[in-house]
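Asks: To convert, note that position 34 of the sequence shown is 36 in this note's numbering; the numbers rise steadily by one, no gaps. Let me give you the structure first, and then I'll get to my questions.
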Amino acid sequence: MILKGNAIVGQSGGPTSAINATLSGVIRGCHKSEEISKLYGMENGIEGFLNEDIIDLSYLFGDEDKLALLELTPSSALGSCRRKLPPLENKNEIYDKIFTLFKKYDIRYFFYIGGNDSMDTVLKLSKYANSIDYDIRIMGVPKTIDNDLVLTDHTPGFGSAAKFIATTIKEIACDCSVYKIKAVTIVEMMGRDAGWLTAAAALPKYYDGLGADLIYLPEFFFEDDKFISSVNEQLKTHPNVVVAVSEGIRYENGTYVGEGKQSGATDAFGHKYLAGTAKYLEMLVREKIGCKVRSVELNLPQRCSAHIASATDIDESVAIGKSAVEFALDGKSGKMPIFVRQSGEYSVKIECADVNEIANKVKFVPKGFINEEGNNVTKECIEYITPLIIGEKTKKYENGMPVHLCLK
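Structure below.
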């Protein structure tokens, strides 16, 4: 059915190096449409929309230079938020306000670029729209460096973050290799529940022989004694050991390894802010082994290092943004486009999935991707990640610095 009106797009949750490429894809898709008259952007996601902090993005329609620059600009150009909408059964006035604003601006297409928590917002808005019989197409558009959205083969943003991690681990390993004294370097990556990012640390060792010697993911229960034993075994073969750990590794009782170093604070969705895992392990190695040891927390660069973005990731991110618009124009709502990996040489097909089957669920690293000892990943894991980091984009520089696009 043909539905004419305006569209609005927002970005939510943690930024990535590719989230603006997806935004560019949405803009490109809306520009091609005869049904969409104007495209608005929410500043700081649904939270900004509630305050009517919106900008007209239609001026970017057809401006190839600006769209190309947007695709290589890190972080969320529209800003972000972590606003959790209340349960629908509460009949909260927030929903009335959101749909009053939809009517005010004649919003008939809603695109929300985000991860697990953002899909929760898409799900609730879709259900509310159905309950009041308001004709609107609501689409979730995937992004997250954590790669933990279910149903899709992988998520936009993961490939670039994985490329940064693999490259950084290789460079750290090169730096550590210059000395002959025994030393352990522990590198901490993001990943609360799923260890996809940390798994990428395996790539340089597999292909070049120099990288992380040990890798620990949240999917496998951690044991201090086994960890120390594994480090000692590695030190017997070479003096400089590099260890990659997910921030979310935990013991069998559910306690996070670095919990003693954490603040205990949580975000709007109840997730604990994690940090300090590598620092705890640094102290453990110092106490149990006594060699030189240091810890490194990669932190924000994992999600904002656009200078080393994967071309595959950027291209796919644009494509999935365009596909979200195409699905909406075709009558889909309460859905999210997903990547389906094809057999043979790497390629993906973009299909559509029900957001009800995606929101508030987590895709874990499968057991077959982790070795029996729980301290590294398998060849199957390497082969899964490798195609996602392939290729580089030509970036524009001025005065030696990369040029980015500012929307606000």
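Where is the CB? At the ideal position from N, CA and C, for every residue including glycine. Note that the structure is predicted; figures quoted are calculated from it, not measured.
Which residues in the same chain have their Cβ closer than 7 Å to the Cβ of T154, if we skip the five residues on either side of it in sequence?
Replies: Here residue 154 corresponds to residue number 152 of the sequence shown, with the count starting at 1. Here the set comprises P144, I340, F341.
Asks: What do you get for F223, buried or exposed, if any count of 16 or more other CB atoms within 10 angstroms of its CB means buried?
Replies: As a working note, residue 223 is residue 221 in the sequence shown. With fewer than 16 Cβ atoms within 10 Å of its Cβ, F223 is classed as exposed.
Asks: Can you give me the Cβ contacts of A1 inside the same chain, cut-off strictly under 7 Å, excluding the 5 residues immediately before and after it?
Replies: No answer is possible for residue 1: it lies beyond the span of the chain, which begins at 3 and ends at 410.
Asks: What number of angstroms, rounded off, separates the C-alpha of Q13 from the C-alpha of M338?
Replies: Looking up residue 13 in the sequence shown gives position 11. Looking up residue 338 in the sequence shown gives position 336. So the two alpha carbons sit approximately 14 Å from each other.
Asks: Apply the 10 Å Cβ neighbour rule to T200 and answer buried if 16 or more other Cβ atoms are within range, or exposed otherwise.
Replies: Working through the sequence shown from its first residue, we reach residue 200 at position 198. The residue in question, T200, is buried, as its Cβ has 16 or more Cβ neighbours within 10 Å.
Asks: Could you give the distance in angstroms between the alpha-carbon of K324 and the alpha-carbon of L331?
Replies: The residue you call residue 324 lines up with position 322 of the sequence shown. The residue you call residue 331 lines up with position 329 of the sequence shown. Cα to Cα, the separation comes out at about 11 Å.
Asks: Give the range of the beta strand (DSSP E) segment to which Y114 is assigned.
Replies: Working through the sequence shown from its first residue, we reach residue 114 at position 112. Counting along the chain, the beta strand (DSSP E) containing Y114 begins and ends at 109 to 116.
Asks: Measuring only between beta-carbons, confirm whether M338 sits less than 8 Å from chain D.
Replies: Of the protein chains in this structure there is only one, and it is not chain D.
Asks: Counting beta carbon pairs with one atom in the segment 379 to 394 and one in the segment 290 to 309, are three or more of them shorter than 8 Å?
Replies: The segment 290 to 309 vs the segment 379 to 394: no contact.
Asks: Give the single residue among L302, F113, D55 whose Cα lies nearest to the Cα of M191.
Replies: Counting from 1 along the sequence shown, the entry for residue 191 is found at position 189. The shortest C-alpha separation from M191 is found at L302.
Asks: If we ignore side chains and look at the alpha-carbon of each, how far apart do S265 and G116 end up?
Replies: By one-based count along the sequence shown, residue 265 stands at place 263. By one-based count along the sequence shown, residue 116 stands at place 114. In this prediction, S265 scores a pLDDT of 44, lower than 50, which makes its location untrustworthy; no coordinate-derived value is stated.
Asks: Taking the DSSP output, what are the residues bridged to T200?
Replies: In the sequence shown, counting from the first residue as 1, residue 200 sits at position 198. According to DSSP, T200 bridges with nothing at all.
Asks: With DSSP as the reference, label Q264 as helix, strand or coil.
Replies: Here residue 264 is taken as the residue at index 262 of the sequence shown, counted from 1. Legend: pLDDT at Q264 = 49, less than 50; position of this residue unreliable, value from coordinates given subsequently. Q264: coil per DSSP, three-state reduction.
Asks: Taking the C-alpha atoms as reference points, what is the distance between V186 and E359?
Replies: Against the sequence shown, residue 186 aligns to sequence position 184. Against the sequence shown, residue 359 aligns to sequence position 357. About 42 Å.
Asks: Suppose the cutoff is 7 Å on Cβ atoms and the five residues either side in sequence are ignored; what does the same chain contact list for G64 look like?
Replies: Position 62 of the sequence shown holds residue 64. Cβ within range, chain order: H33.
Asks: Starting from the C-beta of A246, find all residues in its chain whose C-beta is less than 6 Å away, skip the five residues before and the five after it, and write them out in chain order.
Replies: Along the sequence shown, read from residue 1 onward, the residue named residue 246 stands at position 244. Hits under 6 Å: V189, T200, A203, A214, I217.
Asks: Just checking, does the segment 78 to 85 make contact with the segment 35 to 50 on the three C-beta pairs under 8 Å criterion?
Replies: The segment 78 to 85 vs the segment 35 to 50: in contact.
Asks: So for F341, helix, strand or coil by DSSP?
Replies: In the sequence shown, the residue the question calls residue 341 occupies position 339. Note: F341 maps to strand in three-state DSSP.
Asks: Classify G193 as buried or exposed, calling it buried when 16 or more other Cβ atoms lie within 10 Å of its own Cβ.
Replies: As a first step, residue 193 is located in the sequence shown; it is residue number 191 there, counting from the start. G193 is buried by the Cβ-count criterion.
Asks: Are there 16 or more other CB atoms within 10 angstroms of the CB of G211, so buried, or fewer, so exposed?
Replies: Mapped onto the sequence shown, residue 211 falls at position 209. Exposed, by the Cβ-count rule.
Asks: Looking at D150: is its Cβ nearer than 8 Å to the Cβ of D195?
Replies: As a working note, residue 150 is residue 148 in the sequence shown. As a working note, residue 195 is residue 193 in the sequence shown. Going by C-beta atoms, D150 is nearer than 8 Å to D195.
Asks: Thinking C-alpha only, which one of L59, Y111, E284, I96 is nearest A326?
Replies: Within the sequence shown, the letter at position 324 stands for residue 326. Checked all of L59, Y111, E284, I96; the closest Cα to A326 is Y111.
Asks: Sorted by chain position, which residues of the same chain lie with C-beta nearer than 8 Å to L174's C-beta, five sequence neighbours on each side aside?
Replies: Walking along the sequence shown from the start, residue 174 turns up at place 172. This sequence places Ile at residue 174; Leu is not what is there. T187, V189, V244, V298.
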